[in-house]
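Engineer: Structure below; questions to follow.
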Amino acid sequence: MKDDAPSRRNLPVTPLASPAKSRTLIAIPARWGSTRFPGKALHRIAGKPLVQHVWERCQHCQAVDAVVIATDDARIVEAAESFGAKAVLTSPDHPSGTDRIAEAAGYFPEYETIINVQGDEPLISPALIDELARALQADASIRMITAAAPIHDPAQIADPNVVKVVFDRHGDSLYFSRSALPYVRNAATQIRHYRHLGIYGFQRDFLFQFVAWPPSGLEMTESLEQLRALENGVRLRVVLTEDLSPGVDTPEQADAVERQMLAAQ
29 MKDDAPSRRN LPVTPLASPA KSRTLIAIPA RWGSTRFPGK ALHRIAGKPL
79 VQHVWERCQH CQAVDAVVIA TDDARIVEAA ESFGAKAVLT SPDHPSGTDR
129 IAEAAGYFPE YETIINVQGD EPLISPALID ELARALQADA SIRMITAAAP
179 IHDPAQIADP NVVKVVFDRH GDSLYFSRSA LPYVRNAATQ IRHYRHLGIY
229 GFQRDFLFQF VAWPPSGLEM TESLEQLRAL ENGVRLRVVL TEDLSPGVDT
279 PEQADAVERQ MLAAQ
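Quick note: the sequence shown uses my numbering, first residue 29, plus one each step.
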């Protein structure tokens, strides 16, 4: 009996559509006012404004789709546009950089994941930013993500200016503190201490949820914004790195970073 059915190998094959990669926006908060260093975003380091160094590092990222500077001052907008950056003018009343990037993200609804890169870290690692972005893109259940690095200097463990973090076996945060964390009662465990790095990533909907919550008790006690997420039942995914990028909070730190940059040229 003759089989008149077409051969399966001759049938046209329609490939299954792969899920679209979520698009990622880097938002760099850069306010003019600073108690210790007013106008630091435009302070020149190695011939360029501080915020330009941060923006240029972000241009080397491979896993992000756009970069925007979110600022409260027209002078920073003008400077950003002069070196080719996209910038948005946001409210001067935001209590934190996270609130500022949330306003900026509202102007860009096409981006599903947002990375908050501090505007005072001119040596931030593009590879670290990419790692956070890819984790958010690959797993929508990761609502917020950050980074940590091993502490090698024992003096930093008790330093309140060095924020510590502990996390579970899946890499999700358990707590952040300015105190020694964990407290070592039994040194035989040889526990490793980690310092938290101030870079954050968000799923878009969670970013708006986060800024809508009122500041929490632990957040206000430790002065650590990320504790708001923990107190609302959301853990942060913690990416481990050895890349430490010094922040610039004072003119003296700006001078130190400039010497480091010039020495590397």
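Just so you know, even glycine gets a beta-carbon here, dropped at the ideal spot from N, CA and C.
Owing to the predicted nature of the structure, the values given are computational and were not obtained by experimental measurement.
(1) Short of 7 Å in beta carbon distance, which residues of its chain neighbour glutamate 149, apart from the five on each side in sequence? Order them along the chain.
(2) Which residues share a DSSP beta bridge with leucine 53?
(3) Where does leucine 272 sit, in a helix, a strand or coil, going by DSSP?
(4) Do the region 239-248 and the region 181-194 touch if we need at least three Cβ pairs shorter than 8 Å?
(5) Give the list of continuous beta strand (DSSP E) stretches no shorter than 3 residues that lie fully inside the region 170-225.
(6) So what does DSSP say about proline 154, is it helix, strand or coil?
(7) Is DSSP giving threonine 63 helix, strand or coil here?
(8) How would you write the range of the alpha helix (DSSP H) that alanine 240 sits in, first residue to last?
(9) Under a Cβ-count criterion, where at least 16 other Cβ atoms within 10 Å of its own Cβ denotes burial, should valine 92 be classed as buried or exposed?
(10) What is the rounded straight-line gap between the Cα of leucine 70 and the Cα of valine 145?
(11) Would you tell me roughly how many angstroms separate the C-alpha atoms of isoleucine 227 and alanine 257, rounded to the nearest one?
(12) Apart from the five residues just before and just after alanine 33, which ones in its own chain have a Cβ nearer than 7 Å to its Cβ?
(13) Would you grab the beta carbon distance between phenylalanine 195 and valine 266 for me? Rounded to a whole angstrom, and I think it's under 8 Å.
(14) Do you know how far the Cα of glycine 147 is from the Cα of valine 105?
Structural biologist: Taking the definition as stated:
(1) Closer than 7 Å at the Cβ level, and outside the excluded window around glutamate 149, lie Val82, Ser273 and Gly275.
(2) According to DSSP, which records beta bridges pairwise, leucine 53 is partnered with Ala94 and Ile142.
(3) For leucine 272, the secondary structure class from DSSP, reduced to helix, strand or coil, is coil.
(4) The region 239-248 makes no contact with the region 181-194; the number of CB pairs closer than 8 Å stays below 3.
(5) Correct list: 172-178, 192-195 and 201-205.
(6) It is helical.
(7) In the three-state reduction of the DSSP assignment, threonine 63 falls in the coil class.
(8) Taken as a continuous stretch (DSSP letters only), the alpha helix (DSSP H) holding alanine 240 covers 232-240.
(9) Buried, since its Cβ has 16 or more Cβ neighbours within 10 Å.
(10) C-alpha separation (whole angstroms): 16 Å.
(11) When rounded, the distance between both Cα atoms is 15 Å.
(12) A caution first: alanine 33 carries a pLDDT of 41, below 50, which makes its placement in the model unreliable, though a value can still be read off. Answer for alanine 33: no residue qualifies.
(13) Confirmed, Cβ separation roughly 5 Å.
(14) Distance between the alpha carbons of valine 105 and glycine 147 is about 13 Å.
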